[in-house]
Amino acid sequence: MTELVKLIRFIGRMEAQGTTVTVYPDAEEYFQQRSLTEQLQKQVADIRTTAADNPLRRTLLKTELLPYQFEGIQFAKATGRAILADDMGLGKTIQGVGVAELLPRLAGIKKVLVVCPASLKAQWRSEITRFCERDCQVVVGKVANRAEQYSSDAFLPSATTSKYCAIYQI
-18 MTELVKLIRF IGRMEAQGTT VTVYPDAEEY FQQRSLTEQL QKQVADIRTT
32 AADNPLRRTL LKTELLPYQF EGIQFAKATG RAILADDMGL GKTIQGVGVA
82 ELLPRLAGIK KVLVVCPASL KAQWRSEITR FCERDCQVVV GKVANRAEQY
132 SSDAFLPSAT TSKYCAIYQI
């Protein structure tokens, strides 16, 4: 049992005895984040024991993932973030799409932002629609126009691609 679980149970016991316990919003947010991280790490540990035969390798995306691609997706899921730095042609894009597809299923993530050079926006959209059943919103234009595009219901429900310099203007 983790220290977080022990603390939450202790707070519950204190409240059951009539003691007023105040948990501030930032602490509550921290508890929720830690709990989610622990849950995801446990799921990843369970999946890693059967990575080669795990049905998600064949059902997560429209194409079967190679074992190392599936492992990369699980790593990113467990840590909540990752940098994929494989050689060209090994499937970094499919792993990115896989993480974006898996996190909503397991962690309730609702939106994904893909940051890429402007020259790759169309390529990312093509790969997203090629590998999964969702669509994406390619974000273009000035700040006022982008705000409306970010509220789109596309891909998770909205994965957006944006050029690097536009991120500073959000």
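Residue numbering for the sequence shown follows this note's numbering, beginning at -18 and increasing consecutively. Ideal Cβ placement from N, Cα and C applies to all residues, glycine included.
CB contact flag (residue i, residue j, <8 Å)
i	j	result
Gly155	Leu46	Outside the shown range of the chain, which is -18 to 151, sits residue 155, and nothing can be said about it.
Ala135	Cys113	no
Val25	Ala59	yes
Ala57	Ala63	yes
Burial state of residue i (16 or more Cβ within 10 Å)
i	result
Lys(-13)	exposed
Arg38	buried
Gly(-1)	exposed
Glu82	buried
Glu(-4)	exposed
Ile151	Note on Ile151: pLDDT 45, under 50, position unreliable in the model; no value is reported.
Gln55	buried
Arg(-6)	exposed
Gly53	buried
Val95	buried
Val93	buried
Minimum C-alpha distance to residue i - residue among the options
i	options	result
Ser133	Ala125, Val124, Val120	Val120
Ile90	Ile(-8), Gln(-2), Thr74, Leu17	Leu17
Glu9	Ser107, Lys43, Ile(-11), Met(-5)	Ile(-11)
Thr(-17)	Val124, Glu82, Glu19, Ala66	Glu19
Pro85	Asp27, Leu41, Gly72	Leu41
Gly72	Pro48, Asp34, Gln13, Leu(-15)	Pro48
Gly70	Gln50, Val124, Arg62	Gln50
Ala99	Ile75, Gly122, Phe(-9), Leu87	Gly122
Gln22	Glu129, Ile(-8), Ala88	Ala88
Thr153	Lys92, Cys97, Gly61	Only positions -18 to 151 of the chain appear in the structure, and residue 153 is not among them; the question remains open.
Run of the alpha helix (DSSP H) containing residue i, from where it starts to where it stops
i	result
Met69	Element bounds for Met69: n/a, residue is neither H nor E.
Pro36	Here Pro36 belongs to no alpha helix (DSSP H), and DSSP marks it neither H nor E.
Lys43	Lys43 -> no alpha helix (DSSP H), and no H or E assigned at all.
Thr110	102 to 112
Lys(-13)	-16 to -3
Ile54	48 to 60
Arg127	124 to 131
Proximity test, Cβ basis, 8 Å: residue i and chain D
i	result
Arg86	Of the protein chains in this structure there is only one, and it is not chain D.
Next item on the list: Could you name each continuous alpha helix (DSSP H) segment of 4 residues or more that falls completely within the region 73 to 97, going from the start of the chain to the end?
Entry: 73 to 88
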